[in-house]
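S.K.: Counting the sequence shown from 1 gives a position; this note's numbering is that position plus 2.
Backbone N, C-alpha and C define an ideal beta-carbon position, used for all residues, glycine too.
These figures come from a predicted structure and were not determined experimentally.
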Amino acid sequence: MEKQDKWTNLMYYVVFGLSHLLSLLPFCVLYFLSDVLYLIVYHCIKYRRDVVRDNLLKSFPEKSSDEIVRIEKKFYHFFCDYFVETLKLTSISKKEMKKRMVFRGVEQVEQAVREEGHNFIFLYLGHYCNWEWVASLPYTISPSIHCAQIYHPLYNKAVDRFFLKLRNQFGGECIPMKNTLRRVIELKREKRPAMIGFISDQLPKWNSMHFFVPFLHRETAVFTGAEQIGRQVKAVYFFADIIRPRRGYYECTFRRMEIPEVNRTEYDMTAMFMEQLEQMIRKAPQYWLWTHKRWKRTKEEWLRRQQDSTIK
């Protein structure tokens with residue numbers, strides 16, 4: 003175990019050191035490197051091109067082959083930009099970060115806490131645009147509101163430690179997914195207002211599936227934890243509507259999600275999130291993470307497993 007820890011530490015310092023050196027380059031040079039990386043990733047390595055093409059074809063059956071290829075190439079260009087932009091976080095200044103990642107609608111969040119008395123704001127996000135930069139929210143929002151994000155620890159401990167350092171540097175907290183409920187209860191006991199981000203467009207495991215929504219022309223399993231926990235603490239929900247006006251600049255608008263209580267069903271907020279996410283993706287599809295095998299677990303297979311377990 004000690005030998006493994008030493009190896010993990012060594013790997014972490016190598017990853018962080020190289021990333022930090024690259025991050026010292028100006029954005030114009032980093033984007034030049036991104037353009038070179040695109041040629042390697044898309045044309046030479048062809049990283050997950052079959053997955054991306056299949057996802058795009060099934061998500062946009064109304065588009066021609068040429069349109070699909072154009073979106074695909076734009077996605078890989080952005081994917082490489084995302085990589086160098088994330089490296090830049092190891093050295094970017096607060097002033098530069100606030101200039102490049104602009105948050106709108108923050109006053110609505112603060113009003114929900116200050117004037118309406120809500121202690122929990124749950125923010126729904128997708129893997130869209132540069133979601134890592136959203137962690138810089140503590141630079142903008144009132145310091146009286148504790149910022150946190152739910153994350154799934156990565157298998158590689160050195161890389162996991164690297165991303166934790168990137169996300170924590172802005173003053174927010176990273177909460178492992180398995181500890182979400184426990185940490186929310188702790189914050190409730192502390193009577194500490196908190197805004198917690200949930201990136202909820204991943205593929206759940208079989209044992210976490212119990213709700214499907216129509217999303218990009220397919221029945222899609224979704225995480226419901228944000229809504230289940232939010233119901234217990236009477237959270238207010240917001241959606242992170244993100245755009246990329248130009249290379250290296252993002253605007254994140256917080257849009258309040260509301261459904262009249264009389265019309266509420268069990269997973270309305272989850273369904274609304276997925277609907278708003280799809281609308282955002284359709285406006286600029288190149289900014290969503292298409293390399294993810296989002297639909298490899300189908301509703302048909304899930305129903306079959308449910309039936310088999312019932313019989314047993």
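Leaving out five residues before and five after Tyr84 in sequence, what residues of the same chain have Cβ atoms less than 6 Å from its Cβ?
M.R.: Here residue 84 corresponds to residue number 82 of the sequence shown, with the count starting at 1. Once the five neighbours on either side are set aside, the close Cβ partners of Tyr84 are Asn132.
S.K.: Less than 9 Å between the beta carbons of Leu125 and Met197, yes or no?
M.R.: For the purposes of this step, residue 125 is identified with residue 123 of the sequence shown, where counting begins at 1. For the purposes of this step, residue 197 is identified with residue 195 of the sequence shown, where counting begins at 1. Less than 9 Å separates the beta-carbon of Leu125 from that of Met197.
S.K.: Are the beta-carbon atoms belonging to Val186 and Phe122 less than 9 Å from one another?
M.R.: Taking the first residue of the sequence shown as position 1, residue 186 is located at position 184. Taking the first residue of the sequence shown as position 1, residue 122 is located at position 120. Taking 9 Å as the Cβ cut-off, Val186 and Phe122 qualify as a contacting pair.
S.K.: Tell me the rounded alpha-carbon separation between Arg249 and Leu291.
M.R.: Position 247 of the sequence shown, counted from the start, is the residue given in the question as residue 249. Position 289 of the sequence shown, counted from the start, is the residue given in the question as residue 291. So the alpha carbons of these two residues sit roughly 17 Å apart.
S.K.: What's the call for Tyr15, buried or exposed, on a 16-neighbour Cβ count within 10 Å?
M.R.: Stepping through the sequence shown from its first residue, residue 15 is reached at position 13. It is exposed - the Cβ of Tyr15 has fewer than 16 other Cβ atoms within 10 Å.
S.K.: Roughly how many whole angstroms lie between the Cα atoms of Arg169 and Glu134?
M.R.: Within the sequence shown, residue 169 is the residue found at index 167, counting from 1. Within the sequence shown, residue 134 is the residue found at index 132, counting from 1. Approximately 7 Å between the Cα atoms of the pair.
S.K.: Report all residues from its chain with a CB closer than 6 Å to the CB of Gly173; omit the five preceding and five following residues, and keep chain order.
M.R.: Residue 173 sits at position 171 when you count from the first residue of the sequence shown. For Gly173, where only same-chain residues beyond five positions count, the Cβ hits under 6 Å are Pro140.
S.K.: CB-CB under 7 Å to Gln308, same chain, minus the five flanking residues each way: which ones, in chain order?
M.R.: Within the sequence shown, the letter at position 306 stands for residue 308. Answer for Gln308: no residue qualifies.
S.K.: Enumerate in chain order the residues of its own chain whose CB-to-CB distance from Lys193 is below 8 Å, with the five nearest sequence positions on each side excluded.
M.R.: Within the sequence shown, the letter at position 191 stands for residue 193. Residues Asn121 of the same chain have their beta carbon placed closer than 8 Å to that of Lys193, with the five preceding and five following residues left out of the count.
S.K.: Since Ile73 and Pro287 are thought to touch, with beta carbons under 8 Å apart, how far apart are those beta carbons, to the nearest angstrom?
M.R.: Counting from 1 along the sequence shown, the entry for residue 73 is found at position 71. Counting from 1 along the sequence shown, the entry for residue 287 is found at position 285. Correct: roughly 5 Å between the Cβ atoms.
S.K.: Is the beta carbon of Leu279 sitting closer than 9 Å to the one on Ser61?
M.R.: Counting from 1 along the sequence shown, the entry for residue 279 is found at position 277. Counting from 1 along the sequence shown, the entry for residue 61 is found at position 59. Taking 9 Å as the Cβ cut-off, Leu279 and Ser61 do not qualify as a contacting pair.
S.K.: Report back the beta-carbon spacing between Thr222 and Arg50 to the nearest angstrom; my notes put them in contact at under 8 Å.
M.R.: Your numbering for residue 222 matches position 220 in the sequence shown. Your numbering for residue 50 matches position 48 in the sequence shown. Their Cβ separation, rounded to whole angstroms, is 19 Å, which puts Thr222 and Arg50 out of contact at 8 Å.
S.K.: Anyone know if the C-beta pair for Tyr130 and Tyr289 falls short of 9 Å?
M.R.: Locating residue 130 in the sequence shown gives position 128, counting from the first residue. Locating residue 289 in the sequence shown gives position 287, counting from the first residue. With a cutoff of 9 Å on beta-carbon distance, Tyr130 and Tyr289 are scored as near each other.
S.K.: Starting from the Cα of Thr182, find the closest Cα among Cys46, Val224 and Ala228 and give me that residue.
M.R.: Position 180 of the sequence shown, counted from the first residue, corresponds to residue 182. Comparing Cα positions, the closest option is Ala228.
S.K.: Rounded to the nearest angstrom, what separates Ile283 and Lys90 at their Cα positions?
M.R.: Residue mapping note: residue 283 aligns to position 281 of the sequence shown, counting from 1. Residue mapping note: residue 90 aligns to position 88 of the sequence shown, counting from 1. Computed Cα separation, rounded: 25 Å.
S.K.: Could you compute how far the alpha carbon of Val161 sits from the alpha carbon of Phe256?
M.R.: In the sequence shown, residue 161 corresponds to position 159, counting from 1. In the sequence shown, residue 256 corresponds to position 254, counting from 1. Cα to Cα, the separation comes out at about 30 Å.
S.K.: Tell me whether Lys314 is buried or exposed, calling it buried when 16 or more other Cβ atoms sit within 10 Å of its Cβ.
M.R.: Reading the sequence shown from its first residue, position 312 is the one you call residue 314. Note on Lys314: pLDDT 48, under 50, position unreliable in the model; no value is reported.
S.K.: Quick one: what's got a C-beta closer than 8 Å to Glu302's C-beta in the same chain, skipping five residues either side?
M.R.: As a first step, residue 302 is located in the sequence shown; it is residue number 300 there, counting from the start. Setting aside the 5 residues that flank it on each side, Glu302 has no residue in the same chain whose C-beta is closer than 8 Å to its C-beta.
S.K.: What does Trp290 pair with, by DSSP beta-bridge criteria?
M.R.: Here residue 290 refers to the residue found at position 288 of the sequence shown. Bridge pairing for Trp290: Tyr130 [DSSP].
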